[in-house]
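First the structure, in the form of structure tokens, and then the observations on it.
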Amino acid sequence: MSKINISLDELIESGAHFGHQTKRWNPKMEEYLYGQEEGVHIFDLTKTKPLIEEALSFLVKSVKEGKKVLILGTKKQIKDKVAETATKVGMPYVNERWLGGTISNFSQIKRSIDKMEEMKENLATGFYNKYTKKERLLIDREIDRLEKFFGGIKSLTGTPDILFVIDTKREAAAIHEASSKKIPIVGVVDSNADPDLIDYPIPMNDDASRGLEYLLDLLAGAISEK
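Read in the working numbering, the sequence shown has 83 at position 38, and its numbers run on one by one without any break.
This is the structure in structure tokens:
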């Protein structure tokens, strides 16, 4: 892989340096902070940049080894970009509400995926044509529901090898499941998060859509060049 080109200017322009209000901070994030401005913590992006490089290098190495990276981001402003990025690099994703057991009880999740695929196959072959219009409407709704929650992970045949998380505080349940299974976690940690829970922390604003889009573009570019 060629050297990852990360622009500090782009990170700043995207608002990646803004943390949360100082009263909401987690003291464990102190080493990644430059200071504060008008009651808001400011990240030291000269410390963020090498951590992005380290995280992306780990992800690229893992993908080269055939490992599956589950990309998780459910915030409204980034969910479409999560799906786009994951699809581009051929990785599974979750951009709707995290369903408990996605990692810790994957066998149950797999049954739902199999049900979705079976129903889609039945729809494509005309198996449901014998049903009434009302029954077919209910079937369509169920397929849409399953696709919404399981469509992004239908390629998984087992638990993912790595979890990539946007907003580690919001996705605490997923972090807990991955940790319990010893699955490495790469995650965006804002000033209110606990970096100790993350194997490869990326300290930056987890709300600014432009900054998160830039990070996902870096991820896609790095994996595509592997």
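Beta carbons are placed, not taken as given, at the ideal position from N, Cα and C, and that holds for glycine. The structure displayed is predicted, hence computed values, not measured ones.
Presumed contact (8 Å Cβ cut-off) between residue i and residue j, rounded CB distance
i: THR204; j: ILE148; result: 5 Å
i: VAL139; j: THR170; result: So it is not a contact: roughly 29 Å between Cβ atoms.
i: LEU274; j: ILE51; result: Outside the shown range of the chain, which is 46 to 271, sits residue 274, and nothing can be said about it.
i: ILE116; j: THR130; result: 7 Å
i: GLU258; j: LYS126; result: 5 Å
i: THR213; j: LEU242; result: 7 Å
i: GLY266; j: LEU56; result: The pair is not a contact, with the Cβ atoms about 15 Å apart (cut-off 8 Å).
Where residue i sits in the DSSP three-state scheme
i: GLN66; result: strand
i: LEU144; result: coil
i: ILE97; result: helix
i: TYR176; result: coil
i: ILE188; result: helix
i: SER157; result: helix
i: LEU73; result: Contrary to the premise, residue 73 reads as Lys rather than Leu in this sequence. Residue state, collapsed to three classes: helix.
i: GLU162; result: helix
i: GLU270; result: coil
i: LYS214; result: coil
i: ASP251; result: coil
i: ALA219; result: helix
i: LEU257; result: helix
Buried versus exposed call for residue i [16 or more other C-beta atoms within 10 Å across all chains shown]
i: ASP189; result: exposed
i: GLU75; result: exposed
i: PHE88; result: buried
i: ASP159; result: exposed
i: GLY232; result: buried
i: LEU182; result: exposed
i: PRO229; result: buried
i: SER236; result: buried
i: GLY111; result: exposed
i: SER59; result: buried
i: ASP251; result: buried
i: GLY80; result: exposed
i: PRO240; result: buried
i: PRO137; result: buried
i: THR282; result: Any answer about residue 282 is impossible in this case: the structure gives the chain only from 46 up to 271.
i: GLU180; result: exposed
i: LEU53; result: exposed
Residues sharing a beta bridge with residue i, DSSP
i: GLY108; result: For the sequence presented, residue 108 should be read as Val rather than Gly. Paired residues: none, contrary to the question.
i: HIS86; result: GLN81
i: PHE209; result: ILE116 and VAL231
i: PRO246; result: GLY232
i: VAL139; result: LEU117
CB contact check: residue i to chain C, cutoff 7 Å
i: LYS178; result: Given the protein chain composition of this structure (a single chain), no chain C is represented.
query = Would the segment 199 to 216 and the segment 96 to 108 be scored as touching if the rule is three or more Cβ pairs under 8 Å?
reply = yes
query = Any contact of the segment 170 to 183 with the segment 241 to 253, i.e. 3+ C-beta pairs under 8 Å?
reply = no
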